[in-house]
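Numbering (our numbering), first residue to last: -2 to 311.
All C-beta atoms in this analysis are idealised placements derived from N, C-alpha and C, irrespective of residue type, glycine included.
Please read these numbers as outputs of a predicted model, since none were measured by experiment.
Have a look at the structure below before the remarks.
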């Protein structure tokens, strides 16, 4: 923990709770910010944060808020190196029945993971919306959402659990990305066509790409999940996109025949992108590009859009 005073928003993201929850804990139980500089909002000190962490942990484990607050107020101050001294407040040390691994991701990702384990939709939505507004779509996807979603997948693979967590987080993230897309509607014709491969149901990465394209001012059409190859080719022939992004999350849906069909379409797009971990580089037809990440997919899509627009002006 760093020795700095934090705003309510920063504390909420670290703990994985909503700002409104912090206000409630302040007003009802006296667990509020203690640092006050005249003319500025009050700030949370390391001691405040340590006590709020105890409050969050105990309430997540079923302790009543009033009782949790009583224990939190009795907690020792952080040690000189900024860590919280060990406490015997409660024998249960697990975070709501387990934790979601997020690797080296920062405090916001750890807070989002904790909110996910509690199925706290308000905190999840608030954290994601703040990150999108502050950092943009690409940075939020790579630094916040991907680590948490991958951690949920890792826990599910190991335990066959967290299906409820995955569904709730996916819904919250999808709503936040849709809101970000609506906030920056690009002008001009839609040059990019986004589609999942046939039988592919994982749409969140494609929704992130849509939001990132909107943020970059690139118009697009989104077909969504489980698009049969015949329907995809029909959409290409009807709209004549400059680029088609075909997303596959698993090897089971990554049939290169779908890509070959796009390359053979009467209104063949200038660029076909095979996006997602399902595609194998050694099976891609010649002429298909596999972007390494979201940023490259956005960059390639914008470049081909610009190229087509320039050629039509010349």
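Item                                                                                                                                   : Value
Best match in 71, 25, 47 for proximity to residue 3 [C-alpha to C-alpha]                                                               : 47
Same chain, Cβ closer than 8 Å to residue 208, neighbours up to 5 away in sequence not counted                                         : 129, 134, 174, 175, 177, 178
Proximity test, Cβ basis, 9 Å: residue 127 and chain C                                                                                 : Annotation note: the requested chain C is absent from the structure, which comprises a single protein chain.
Reference residue 218; option with closest CA among 230, 228, 186, 244                                                                 : 186
Contacts around residue 256, its chain only, beta-carbon distance under 8 Å, and the 5 residues preceding and following it disregarded : 243, 269, 271, 281, 282, 285
Nearest-angstrom Cα separation, counted from residue 28 out to residue 66                                                              : 7 Å
Residues bridged to residue 189 (per DSSP)                                                                                             : 217, 240
Contact under 9 Å by Cβ, residue 312 with residue 108                                                                                  : Here the chain covers residues -2 to 311 and nothing more, so residue 312 does not appear.
Span separating the alpha-carbon of residue 172 from that of residue 124                                                               : 13 Å
Length at least 4, wholly inside the segment 135 to 202: the alpha helix (DSSP H) runs in chain order                                  : 143 to 156, 160 to 180
Coil, strand or helix - residue 210 by DSSP                                                                                            : helix
Sequence-distant residues of the same chain with beta carbon closer than 7 Å to residue 296, five excluded per side                    : none
Beta-carbon contacts of residue 299 that lie in its chain and below 7 Å, excluding the five residues immediately before and after      : 213, 215
Cβ neighbour criterion (16 or more within 10 Å) applied to residue 31                                                                  : exposed
Beta-carbon spacing of residue 105, residue 140 below 9 Å                                                                              : yes
Helix, strand or coil at residue 115 according to DSSP, with G and I counted as helix                                                  : coil
Inter-residue spacing [alpha-carbon to alpha-carbon] between residue 304 and residue 262                                               : 20 Å
Cβ pair residue 232, residue 192 closer than 9 Å                                                                                       : yes
Nonlocal neighbours in the same chain, by C-beta distance under 7 Å from residue 8, ignoring five residues either side                 : 19, 41, 46, 49
8 Å Cβ shell around residue 238 - same chain, five flanking residues per side excluded                                                 : 187, 188, 189, 190, 218, 266
For residue 270, the first and last residue of its enclosing beta strand (DSSP E)                                                      : 268 to 272
Residue 160 beta carbon less than 9 Å from that of residue 113                                                                         : no
Rounded C-alpha distance that separates residue 228 from residue 194                                                                   : 11 Å
Own chain residues within Cβ distance below 8 Å of residue 23, not counting five before or after                                       : 29, 30
Nearest-angstrom Cα separation, counted from residue 166 out to residue 57                                                             : 17 Å
Test item: CB-CB of residue 246 and residue 288 under 9 Å                                                                              : no
9 Å Cβ cutoff met for residue 10 and residue 127                                                                                       : yes
Residues that residue 3 bridges to, as DSSP identifies them                                                                            : 41
Classification of residue 17 by the beta-carbon crowding that lies within 10 angstroms, buried from 16 upward                          : exposed
Rounded distance between the beta-carbons of residue 145 and residue 97, thought under 8 Å                                             : 6 Å
Own chain residues within Cβ distance below 6 Å of residue 196, not counting five before or after                                      : 223, 250
Residue nearest to residue 220 in terms of C-alpha spacing, selected from 136, 121, 203                                                : 203
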